[in-house]
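S.K.: Input: one structure, supplied below.
In the numbering used here, the protein residues as written are 1 to 530.
What follows is the structure, given as structure tokens:
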């Protein structure tokens, strides 16, 4: 690191590691400036580069990292089943408008009794006493906020007095005291559990929708504790070869809960080729290895009655384990599933169905030198299983493709950093913009945006300002209505109104600039530092 001291700033210039650059350069045929930029941003290994350039929505984090997601999902589905009236309460800016549209459209799709509100006229931001009074009058029993609510401490308390539950979805910084909401979904809340804190309000709303969808569409997976296992052996014959390592992980909703890993002391030294393949040495096995019977007992206790899943589990891992369990009078009666068999059915065109090949196809990249170790392969298998389930679920895929464009627009408009999960949301959202609502597509055509090649710049300078205009002038519902409507006559009228609002907004900006120029025209700005 070289430091340059200027008059007002200290500049730190990062000096690249030449060996890192050469290593990446030998793998990827990219311009050197691209490689240097990637390395400077910490994308400095083969697997990190591949994850960056080949990211897809399958790489999105599980919504259930949010610790209160399950609670929120259960309450919403209870409201749907009991035909309770739900209010989706959004903010007036583009992030709030797109988030409101995401949640409202989905709740309508699952036959919820739902209405939405965004600030109109002189309405204040967020959840207010006036909105609570309106909710009471309309017999609303559940309010879900979008892009607001995290500071509405008194208002949430007041809603509770009228037996109205509030689920807060927001992405703003909370105060020291949180509202006593039924559930809070906000990545900036300390202890939220979510691994990425810079989501937009629209993306947080999307996470809630995905949480509900997993409960509805991935029933064999949702809220289930599953066991993923991998063993390393001295050969392929379960009758003559030995197990030298067992790794297993307990996973629920895509989140690692617990793991066990054991080296197993063999009866005879392992071959050199097995040492080279696994990285496990005879010395390690003698020093750290446990008796096989002990490890198998530990695994049975760890698995309990849960489903056991592995890659080539049925024809390999289980055969080894069952043969050795039989010797001690034990057996496995758990339900089992094999990701190798799943992949062969779902991904017929792959060159092979090795764990690494399937994982890479699904956008999972890792250090290949760490393969052929129990815990690593079990962990990869867990993520492969989740992505295979999503990959084959058409309703879940369609939901993502329809709503990611809205989350992308909200993310760009709210100037969220395009890193980590945000980059995946924006990249995928712009890719699938043709799958979204008739209203948005009609607006894009009206604005002469090429729907086959929508850029971040198009959103920043064309789409977002137009969608933002009604809210800035007190009529944000025009934009929400456009994003949720499928009636072409209504859409044309809404676009006409929105474009009028955009012209009005531009005129106000120009008039304001004229006023500012007039105010400062007589000032000596060179000597008056402002």
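Cβ coordinates follow ideal geometry from the N, Cα and C atoms, glycine included.
1. Can you tell me which of 175, 130, 174, 172 puts its alpha carbon nearest to the alpha carbon of residue 155?
2. Pick helix, strand or coil for residue 310, following the three-state DSSP scheme.
3. Measure from the C-beta of residue 113 to each C-beta in chain D and report whether the shortest distance is under 8 Å.
4. Name the residue from 235, 261, 106 whose alpha carbon lies nearest to the alpha carbon of residue 273.
5. Three-state secondary structure (DSSP) at residue 447?
6. Around the C-beta of residue 426, are 16 or more other C-beta atoms found within 10 angstroms, so that it is buried, or is it exposed?
7. Using a Cβ distance threshold of 8 Å, determine whether the segment 23–37 contacts the segment 385–396, with at least three qualifying pairs required.
8. Residue 180: buried (16+ other C-beta within 10 angstroms of its C-beta) or exposed?
9. Leaving out five residues on either side along the sequence, give the residues of the same chain with a beta carbon under 7 Å from the beta carbon of residue 402.
10. In the DSSP assignment, find the unbroken beta strand (DSSP E) run with residue 202 in it and report its ends.
11. Grouping DSSP H, G and I as helix and E and B as strand, with all else coil, what is residue 460?
12. Please report the straight-line C-alpha distance between residue 241 and residue 233, rounded to a whole angstrom.
13. Just to confirm the assignment: which complete alpha helix (DSSP H) runs, minimum length 4, are found wholly within the segment 91–162?
14. Please specify which runs of the alpha helix (DSSP H), each continuous and at least 4 residues long, are wholly inside the segment 470–502, giving them in chain order.
15. Taking the beta strand (DSSP E) that residue 10 belongs to, which residues open and close that run?
16. At 4 residues or longer, and completely inside the segment 361–442: list those alpha helix (DSSP H) runs for me, N to C.
17. List the residues that DSSP assigns as beta-bridge partners of residue 196.
18. Leaving out the 5 sequence neighbours to the left and right, which residues in its chain are closer than 8 Å to residue 191 when beta-carbon positions are compared?
19. Using a Cβ-Cβ cut-off of 6 Å (strictly less than) and excluding sequence neighbours within five positions of residue 247, which residues of its own chain qualify?
20. Report the rounded CA-to-CA distance for residue 501 versus residue 474, giving the unit in angstroms.
21. Grab the span of the beta strand (DSSP E) containing residue 58 for me, first residue to last.
22. With a threshold of 8 Å, are at least 3 pairs of Cβ atoms found where one atom belongs to the segment 403–416 and the other to the segment 275–295?
23. Go through its chain and collect everything with a Cβ distance to residue 469's Cβ below 7 Å, but skip five positions before and after it.
24. Enumerate in chain order the residues of its own chain whose CB-to-CB distance from residue 312 is below 6 Å, with the five nearest sequence positions on each side excluded.
25. Look up residue 281 in the DSSP assignment and say whether it is helix, strand or coil.
26. Which stretch, first to last residue, makes up the alpha helix (DSSP H) that contains residue 73?
27. Touching or not, the segment 196–210 and the segment 37–54, by the rule of three or more beta carbon pairs under 8 Å?
28. Less than 8 Å between the CB atoms is what I'm expecting for residue 93 and residue 471, so what's the real figure, rounded?
29. Please return the same chain residues whose Cβ sits closer than 6 Å to the Cβ of residue 20, not counting the five positions on each side in sequence.
30. Under 8 Å, do residue 103 and residue 183 count as touching if we go by C-beta distance?
M.R.: Based on what the coordinates show:
1. 130
2. strand
3. Given the protein chain composition of this structure (a single chain), no chain D is represented.
4. 235
5. coil
6. buried
7. no
8. exposed
9. 435, 436
10. Segment 201–217 is the alpha helix (DSSP H) holding residue 202; no beta strand (DSSP E) there.
11. The three-state secondary structure of residue 460, taken from DSSP, is helix.
12. Near 7 Å, if we compare the C-alpha coordinates of residue 233 and residue 241.
13. 94–109, 129–137, 153–161
14. 477–484
15. 10–13
16. 374–392, 394–413, 420–431
17. Paired residue(s): none; residue 196 is not in a bridge.
18. Listed in chain order, the non-local C-beta contacts of residue 191 below 8 Å within the same chain comprise 67, local neighbours out to five positions each way being set aside.
19. 230, 261, 374, 375, 378
20. 10 Å
21. That residue, residue 58, is in no beta strand (DSSP E); it is neither H nor E in DSSP.
22. no
23. 498, 501, 502, 505
24. 340
25. Looking at residue 281 - three-state DSSP - the assignment turns out to be coil, as it is neither helix nor strand.
26. 69–81
27. no
28. 6 Å
29. 39, 44
30. no
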